[in-house]
Structure formats: C-alpha cells, structure tokens
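Residue numbering for the sequence shown follows this note's numbering, starting at 2 and increasing by one per position.
From the three backbone atoms N, C-alpha and C, an ideal C-beta is built for every residue, glycine too.
What you are looking at is a predicted structure, and each value in this text was computed from that prediction instead of being measured.
The structure under discussion appears below in the form of structure tokens.
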Amino acid sequence: MNFLISKFREYYIQATLDVPPGLQSREWGFLFFDDSGMRRHKSFFSRGELVDYVRSMIPRHVYHSAAYYQRPGAPTMKEKIWQGADLIFDLDADHLRGAARSYAGMLEQVKRETLKLLSFLLSDFGFAESKISVVFSGGRGYHIHVRDPRIYSFGGDERREVVDYLSGRGLVLDRFIHEAPG
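Given below as structure tokens:
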C-alpha cells in the first residue's frame with residue numbers, strides 16, 4: 002500500500018492537474034487508500050487550493066460533479082442550490098450491441114461510436130468543439146462532456162429528448178422512406 006501511495010504522490014507532484022471550467026461551483030469527492038469511503042461535499046475557490054489538497058491528501062480517485070451549485074460545499078443537496086449541469090455521455094465498449102470480444106476490438110468499436118456521437122453533437126446540435134471535451138474513461142470507453150451554457154438548465158425531460166434523438170427512439174421510418182410509383 003505504501004508503494005502505491007508513493008507512486009500516486011509522485012504523479013500528483015509532477016502532473017499539471019487540469020481542472021474543469023466552473024471549479025468554484027462544483028462539488029468534489031475523493032476516495033482514499035484507507036477505504037474510509039467517499040469524502041464528498043468539498044469545494045475549492047481556486048485551482049491552487051484544489052492542487053494543494055490533492056497533493057497533500059493523495060487520493061486514489063478524484064471526482065467532480067457535472068452540476069454547478071451556488072454552495073457546492075454544503076452538506077445536503079438541498080442546501081447546495083442547483084444552478085445547472087453539463088451534458089455528459091458515457092460510452093462503454095462492453096455495453097455496445099455486438100461488442101467485439103477482444104479488448105483491442107472493443108476499444109476500436111467504442112472509438113468509432115464516440116466519433117459518430119461527436120459528429121452529431123457538432124453538426125446536428127451545433128455545439129462548438131471548444132465546448133466539448135472527450136476523456137478516456139480509464140478502461141472501456143470515453144466520457145464526452147458538453148459544457149455549453151445553453152444546456153445547463155436542461156432538466157431530465159430535455160436530456161432524455163437529446164438521447165432519444167441520438168438513438169432514433171420514436172423515429173417512424175415510414176415517414177421518410179417511400180416506394181417509387183409504378
């Protein structure tokens with residue numbers, strides 16, 4: 002365990018440790034090597050404050066909310082006061098229909114699906130590339146974060162509509178495909 006902690010410490014000291022936009026409005030959570038469970042309800046006012054915390058505490062996992070809050074460090078969700086949220090897609094290779102059996106095959110397949118989704122987000126929805134980030138999830142796929150103020154206020158219904166559009170749910174093909182006369 003000490004070896005792992007020392008390797009994480011080395012990494013945190015050398016790494017840039019990028020932060021998402023809206024750092025001050027996000028709730029942060031951490032898992033540590035002592036298996037004490039998730040430590041949540043943390044908030045930071047600056048990148049430096051977050052980096053100092055990570056480098057001194059040496060977590061094994063670092064998480065931030067997709068949501069933006071007025072008081073992200075408050076102890077209850079009601080007290081946090083939700084202000085909006087990013088739109089996030091989680092593509093995992095093993096959840097794809099007809100997923101390849103080999104790890105390399107799965108990653109190639111999920112990469113193709115990720116590129117298709119990016120194409121929809123850019124062309125059909127008109128999101129700017131600068132408002133989208135793609136992150137390898139660390140195992141089987143990618144997380145796509147859309148950080149565009151136009152979607153922050155979307156509730157569950159609007160987010161479902163985006164997913165329905167992307168997946169073609171409710172699409173009646175007969176409306177688009179007609180037999181030629183005669």
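Membership of residue 157 in any beta strand (DSSP E) is not indicated; the residue belongs instead to the alpha helix (DSSP H) covering 157 to 168. The alpha-carbon of residue 157 is positioned some 14 Å away from that of residue 67.
Contact between residue 56 and residue 6 does not hold, since the beta-carbon distance rounds to 12 Å and is not under 8 Å. Going by beta carbons, residue 111 and residue 142 fall inside the 7 Å limit. Under DSSP, residue 93 shares a beta bridge with 142. Going by beta carbons, residue 65 and residue 21 fall inside the 7 Å limit.
Partner residues in a beta bridge of residue 179, as assigned by DSSP, do not exist. The alpha-carbon separation between residue 107 and residue 182 amounts to approximately 44 Å.
Bounds of the alpha helix (DSSP H) holding residue 121 are 104 to 124.
Judged by DSSP secondary structure, residue 8 falls within the alpha helix (DSSP H) whose first and last residues are 3 to 15. Between residue 69 and residue 85, the C-beta gap is smaller than 7 Å, which places the two residues in contact.
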